[in-house]
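*Asks:* FYI, in the numbering used here the residues of the sequence shown are 1170 to 1459.
Backbone N, C-alpha and C fix where the C-beta goes; we use that ideal spot for every residue, glycine too.
Below is a structure I'd like to ask you about.
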Amino acid sequence: MAPPVFRFAPSPNGLLHLGHAYSALLNVDRARETGGRLLLRIEDIDVTRCRPEYETAIYEDLAWLGIAWETPVRRQSEHLADYHAALEKLVALGLVYHAFESRAEIARLVAEREVDAAWPRDPDGAPLYPGNGKSLSADERARLIQSGMPYALRLDMATACRRAATLAWHELGEGPDGECGMVPARPEAWGDVILARKETPTSYHLSVVVDDALQGVSEIVRGQDLFHATSVHRLLQVLLGLPAPAYRHHPLIRDDGGRKLSKSTGSTGLRELRNAGATPASIRRLVGLD
């Protein structure tokens, strides 16, 4: 029987903080407990925010923590053909359509609809897609593409859910409300999610399920902020004929105000803590892994 495979998959769009350390160390501990393998994946699809110096810092900070990983490291930007092939499978199934509304136009459409009643939102709080991309004629769609109009490629969620039928995943950790065991997946709560954009050939949802399958990841250890997104991932796994890993969602490390740590809010980074005298052992204690 093959050993279990784990992965830590940060994005090089900022310095790692305690939350990243917690997730990375949990993966290390699980790999050690089970005799498994640990992979490192660099999720660098967002070319506007990802920078080489942050990728270098990831390697340095993880090595300082005493974490070792298998090589070569998979960098998503080097595997765009894999994501394109998966997207084409979904296109061939008739599950993908072009949507041409800008973010500003979507916000305006939502505001118009909320004059009468609240517009539905996904588990992260973002409004569901309110546009008419799915109803455009083939001629109109072709005209807009030919004109150079930016677009998003969206999953026809209702059709996809009918094709996939009942979905669930094996939760070894727990969700925000204590969910564990076999958890029903509800991808319809996310609406017609984006799978790619004209200028970005894949989305997080698409690339992560493709990567996990190609790398043979058997147990995914990650934060509870991605618990509900697992519904979309299970749907894509079924549609693409990919294996279903087990999931272990862990609580988030939060700041003194109860907010989850974030690169975008300048949460204290591992580099800063190290410069202030922290040690790998003290980091483990800070995240509750003494």
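Looking at the strands, I want to know which residues DSSP matches up with LYS1367.
*Replies:* Mapped onto the sequence shown, residue 1367 falls at position 198. In DSSP, LYS1367 forms no bridge with anything.
*Asks:* Can you look up VAL1390 in the DSSP assignment and give me helix, strand or coil?
*Replies:* Within the sequence shown, numbered from 1, the residue matching residue 1390 stands at position 221. Three-state DSSP puts VAL1390 in a strand.
*Asks:* Please specify which runs of the beta strand (DSSP E), each continuous and at least 3 residues long, are wholly inside the segment 1244–1304, giving them in chain order.
*Replies:* Correct list: 1265–1268.
*Asks:* Roughly how far, in whole angstroms, is the beta-carbon of GLN1384 from the beta-carbon of ARG1176, given that I think they are within contact range, below 8 angstroms?
*Replies:* Taking the sequence shown and counting its residues from 1, one reaches residue 1384 at position 215. Taking the sequence shown and counting its residues from 1, one reaches residue 1176 at position 7. In this structure GLN1384 is in contact with ARG1176, their Cβ atoms being roughly 6 angstroms apart against a cut-off of 8 angstroms.
*Asks:* Three-state secondary structure (DSSP) at PRO1241?
*Replies:* Sequence index remark: in the sequence shown, residue 1241 carries index 72 (1-based). Residue state, collapsed to three classes: strand.
*Asks:* Please state the DSSP three-state secondary structure of ILE1236.
*Replies:* Translated into the one-based positions of the sequence shown, residue 1236 becomes position 67. Residue state, collapsed to three classes: coil.
*Asks:* What residue from PRO1353, VAL1401, HIS1186 has the CA that sits closest to ARG1443's CA?
*Replies:* For the purposes of this step, residue 1443 is taken as residue 274 along the sequence shown, with counting starting at 1. Ranking the options by Cα distance to ARG1443, first place goes to HIS1186.
*Asks:* Restricting to runs no shorter than 3 residues, where is the beta strand (DSSP E) found entirely within the segment 1332–1376?
*Replies:* Listed in chain order, they are 1337–1340, 1350–1353, 1363–1366.
*Asks:* What does the alpha-carbon distance come out to for the pair GLU1270 and LEU1395?
*Replies:* Numbered from 1 along the sequence shown, position 101 holds the residue referred to as residue 1270. Numbered from 1 along the sequence shown, position 226 holds the residue referred to as residue 1395. The straight-line gap from Cα to Cα measures roughly 26 angstroms.
*Asks:* Can you tell me where the alpha helix (DSSP H) holding ILE1211 begins and where it ends?
*Replies:* Counting from 1 along the sequence shown, the entry for residue 1211 is found at position 42. Segment 1206–1211 is the beta strand (DSSP E) holding ILE1211; no alpha helix (DSSP H) there.
*Asks:* Between the segment 1201–1221 and the segment 1411–1425, can you find at least three pairs of beta-carbon atoms closer than 8 angstroms?
*Replies:* Between the segment 1411–1425 and the segment 1201–1221, the count of C-beta pairs closer than 8 angstroms stays below three; the two stretches do not touch.
*Asks:* Of all the options PRO1370, ILE1363, GLY1205, ALA1450, which has the alpha carbon lying nearest to the alpha carbon of ALA1398?
*Replies:* Here residue 1398 is taken as the residue at index 229 of the sequence shown, counted from 1. ALA1398 has its Cα closest to that of ILE1363, out of PRO1370, ILE1363, GLY1205, ALA1450.
*Asks:* Can you give me the C-alpha to C-alpha distance between GLY1340 and LEU1195, rounded to a whole angstrom?
*Replies:* By 1-based counting over the sequence shown, the position of residue 1340 is 171. By 1-based counting over the sequence shown, the position of residue 1195 is 26. A quick correction: the sequence has Glu, not Gly, at residue 1340. Rounded to the nearest angstrom, the two C-alpha atoms are 15 angstroms apart.
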